[in-house]
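Peer 1:
In the UniProt record's numbering, the protein residues as written are 1 to 444.
#1: Go through its chain and collect everything with a Cβ distance to residue 67's Cβ below 7 Å, but skip five positions before and after it.
#2: Assign residue 323 to one of three DSSP states: helix, strand, or coil.
#3: Where does residue 361 fall in DSSP's three states?
#4: With DSSP collapsed to three states, give me the class of residue 100.
#5: Is the beta carbon of residue 383 sitting closer than 8 Å to the one on residue 402?
#6: Residue 206 CB to nearest chain D CB: under 8 Å?
#7: Quick check: residue 381 and residue 412, are their CB atoms within less than 8 Å of each other?
#8: Is the Cβ-Cβ distance between residue 180 and residue 210 less than 8 Å?
#9: Measure the C-alpha to C-alpha separation of residue 394 and residue 163 and round it to an integer number of angstroms.
#10: Determine which residues share a DSSP beta bridge with residue 197 and list them.
#11: Do you know how far the Cα of residue 104 is from the Cα of residue 92?
#12: Can you find the residues in the same chain that come closer than 7 Å, C-beta to C-beta, to residue 170, ignoring five residues on each side of it along the sequence?
#13: Using a Cβ-Cβ cutoff of less than 8 Å, which residues in the same chain neighbour residue 297 once the five nearest sequence positions on both sides are dropped?
#14: According to DSSP, simplified to helix, strand and coil, what is residue 150?
#15: In its own chain, which residues sit with a C-beta less than 6 Å from the C-beta of residue 129, not counting the 5 before and 5 after it?
#16: On a Cα-Cα basis, can you pick out the residue from 205, 249, 397 and 189 that is closest to residue 214?
#17: Evaluate the contact criterion for the segment 236 to 249 versus the segment 295 to 311: three or more CB pairs, one atom per stretch, below 8 Å.
#18: Just mark residue 365 as buried or exposed, buried being the case when its beta carbon has 16 or more other beta carbons within 10 Å.
#19: Near residue 205, which residues of its chain fall below 6 Å by C-beta distance, leaving aside the five closest residues on each side in sequence?
#20: Given residue 398, which residues of its chain have a CB within under 6 Å of its CB, disregarding the five upstream and five downstream residues?
#21: DSSP on residue 430, reduced to helix/strand/coil?
#22: Does DSSP classify residue 379 as helix, strand or coil?
#23: Between 136, 153, 247 and 149, which has its C-alpha nearest residue 195's C-alpha?
#24: Just to confirm, is the Cβ distance from residue 145 to residue 112 under 8 Å?
#25: Roughly how many angstroms lie between the CA atoms of residue 359 and residue 107, to the nearest whole one?
#26: Among the residues of its own chain, which have a CB less than 7 Å from the CB of residue 431, if the five just before and after it don't count?
#27: Leaving out five residues on either side along the sequence, give the residues of the same chain with a beta carbon under 7 Å from the beta carbon of residue 338.
#28: Going by Cα to Cα distance, which pick from 410, 367 and 346 is closest to residue 449?
Laid out in structure tokens, this is it:
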């Protein structure tokens, strides 16, 4: 009731004083009519867009945050909509008014516990498990989430920044995840030891570790993808950006989601009385409310295929010398590679990939004829489209990616069939349809 009442007051204030709160800028290119001293110097004055959210949109926005239990909802929102100043401010001022209290009423550590429970359901967080009543285990878990609190509060804060500042801050805070991963590994090992002493022991390995790893991987992938949106990479750098996303990050994300989903099913099966009695007939597993659903796995598999399509397509363009390379005198690919992935160096899981690994894979890739690479790229784009179209009621972003996948599939098939095979005209990468995934165009 308190949250709903506060939300209603906030929306009514915005509705009754729209101009005074910054819904209209002071002329072309001007800043909003809010106190300019409240905006940090790092926020570009000319880069702040016009606030176009009406009261109904604000009500819907805040309601979706209240009703969505997933911690990663905020990064998803930030990735999809490139939100304006108002909607970004709502995240910081309403959801997390202080660094440790959600909506000012619920501890952030409790929200993180609910997130971990819905993601992978560690036995220690389940009321029916003896570990949940073990004082030593409870103290260990409380300390672990208190240790996580700062990193996740900073992550929420970052989601309220503009895109350029988001990327800068993400690169800095990735080192925090390295510490969280080490702590999660120790906690899992300790809880597993305690669990094995119970009458009905259940393994507790990699539970909190998988949860932390998943959020770390999402931050890493967003760091690389936002560089495409901000146009930070030259075309000749696209190969190792999409290689890293295709070969490693999205593969690791799918693996973490699959592991969590499998663990949830096993937990439900073990908790079922019929399963405990050793019934030969496998009981129907009741779906857990917060269970990792198939939608996220499908989406990340599609993202992996999209990145694989670009990786193979770029390999074909490089094999045919269609990608202009910088002059050797002024270029060092190894230095560029290490600079782009420098924020990942502090992480142990996933291990940072060395330039020598990329060089070896690039050499292997370019041994294939360009036509084969284009055909392989077409298969990746087709697979991404099939995956996205297989899920009912997709959101707007899915439709955008499907459109890109369709057009790239056609272009890759044309190139594989020999279109402009003697041409050295560089391809064009059109980001007008989607921020991260461009439509590939090849002119005669």
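Note that beta-carbon positions come from the ideal geometry of N, C-alpha and C, so glycine has one too.
Peer 2: So, from the listed chains and residues:
#1: Taking the first residue of the chain shown as position 1, residue 67 is located at position 67. Its pLDDT being 47, under 50, residue 67 is placed unreliably in this model, and the coordinates cannot settle the point.
#2: In the chain shown, the residue the question calls residue 323 occupies position 323. Of the three classes helix, strand and coil, the one that applies to residue 323 here is coil, per DSSP.
#3: Locating residue 361 in the chain shown gives position 361, counting from the first residue. It is helical.
#4: For the purposes of this step, residue 100 is taken as the residue at position 100 of the chain shown. Correct three-state label for residue 100: coil.
#5: By one-based count along the chain shown, residue 383 stands at place 383. By one-based count along the chain shown, residue 402 stands at place 402. Contact: no.
#6: In the structure shown, chain D cannot be found, because there is only a single protein chain.
#7: Indexing the chain shown from 1 puts residue 381 at position 381. Indexing the chain shown from 1 puts residue 412 at position 412. For residue 381 and residue 412, yes; Cβs fall inside 8 Å.
#8: Stepping through the chain shown from its first residue, residue 180 is reached at position 180. Stepping through the chain shown from its first residue, residue 210 is reached at position 210. It is not a contact, given that the beta carbons lie outside the stated cut-off.
#9: Start at 1 with the first residue of the chain shown, and residue 394 comes out as number 394. Start at 1 with the first residue of the chain shown, and residue 163 comes out as number 163. Distance between the alpha carbons of residue 394 and residue 163: 25 Å.
#10: By 1-based counting over the chain shown, the position of residue 197 is 197. DSSP, once it has assigned bridges, lists no residue as partnering residue 197.
#11: Locating residue 92 in the chain shown gives position 92, where the first residue counts as 1. Locating residue 104 in the chain shown gives position 104, where the first residue counts as 1. Rounded to the nearest angstrom, the two C-alpha atoms are 11 Å apart.
#12: On the chain shown, position 170 is the one that residue 170 refers to. Hits under 7 Å: 158, 219, 222 and 223.
#13: Indexing the chain shown from 1 puts residue 297 at position 297. Excluding its 5 nearest sequence neighbours in each direction, residue 297 has C-beta neighbours in its own chain below 8 Å: 254, 257, 258 and 261, listed in chain order.
#14: Translated into the one-based positions of the chain shown, residue 150 becomes position 150. Three-state result, residue 150: helix.
#15: Reading the chain shown from its first residue, position 129 is the one you call residue 129. If we look at residue 129 and ignore the five residues flanking it on each side, its Cβ neighbours are 123.
#16: As a position in the chain shown, residue 214 is number 214, starting the count at 1. Considering only alpha carbons, the answer is 249.
#17: Taking a contact to require three or more Cβ pairs closer than 8 Å, the segment 236 to 249 and the segment 295 to 311 qualify as touching.
#18: Within the chain shown, numbered from 1, the residue matching residue 365 stands at position 365. Its Cβ being crowded by 16 or more others within 10 Å, residue 365 is buried.
#19: Within the chain shown, residue 205 is the residue found at index 205, counting from 1. Beyond the five residues adjoining it in sequence on each side, residue 205 comes within less than 6 Å, by CB distance, of 188 and 192 in the same chain, given in chain order.
#20: For the purposes of this step, residue 398 is taken as residue 398 along the chain shown, with counting starting at 1. Cβ neighbours of residue 398 beyond the five flanking positions: 388.
#21: Counted from its first residue, the chain shown places residue 430 at position 430. Three-state DSSP puts residue 430 in a strand.
#22: The residue given as residue 379 occupies position 379 in the chain shown. Collapsing the DSSP output to three states places residue 379 in a helix.
#23: Working through the chain shown from its first residue, we reach residue 195 at position 195. Sorting 136, 153, 247 and 149 by C-alpha distance to the C-alpha of residue 195 places 136 at the top.
#24: Here residue 145 corresponds to residue number 145 of the chain shown, with the count starting at 1. Here residue 112 corresponds to residue number 112 of the chain shown, with the count starting at 1. Yes, these two residues count as a Cβ contact at 8 Å.
#25: If you number the chain shown from 1, residue 359 lands on position 359. If you number the chain shown from 1, residue 107 lands on position 107. Those two C-alpha atoms are separated by around 47 Å.
#26: In the chain shown, residue 431 corresponds to position 431, counting from 1. Excluding positions up to five away in sequence, the list reads 438.
#27: What you label residue 338 is simply residue 338 of the chain shown in a count that begins at 1. Only 355 meet the Cβ criterion.
#28: Because the chain is modelled from 1 through 444, residue 449 falls outside the range shown and cannot be assessed.
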